[in-house]
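S.K.: Have a look at this one.
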Amino acid sequence: MEAGEETLNVLSNIWAKLRGLPNADHVELGAFFIVLTFISVVLLMTVLTCVSCCCRRRETRLKVSNV
């Protein structure tokens, strides 16, 4: 199976689970929100790390060029 087909297969499975979410029991809803929170936190931390790293490089360049 090609990577593109496998990705589409995984996405279609996720989409099917999301469509069935309103009819899910409490355990499935809780697990979904825990996973969603974890993914959101990881993405947020990655973005904040990249932004702070880029800002520090810019400040360092400005200090070096002014000296």
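For what it's worth, my numbering labels the leading residue of the sequence shown as 16, then goes sequentially. All C-beta atoms in this analysis are idealised placements derived from N, C-alpha and C, irrespective of residue type, glycine included.
#1: Could you spell out the range, first to last residue, of the alpha helix (DSSP H) harbouring N28?
#2: Pull up the CB-CB distance for F47 and L36, whole angstroms please, since I reckon it's below 8 Å.
#3: Quick check: what's the CA-CA separation for I49 versus E17?
M.R.: On the basis of the coordinates in this document:
#1: For this step, residue 28 is matched to residue 13 along the sequence shown. First-last of the alpha helix (DSSP H) with N28: 18-34.
#2: On the sequence shown, residue 47 is found 32 positions in, with the first residue counted as 1. On the sequence shown, residue 36 is found 21 positions in, with the first residue counted as 1. Indeed they touch by this definition, with Cβ atoms about 6 Å apart.
#3: Reading the sequence shown from its first residue, position 34 is the one you call residue 49. Reading the sequence shown from its first residue, position 2 is the one you call residue 17. Roughly 31 Å between the two C-alpha positions.
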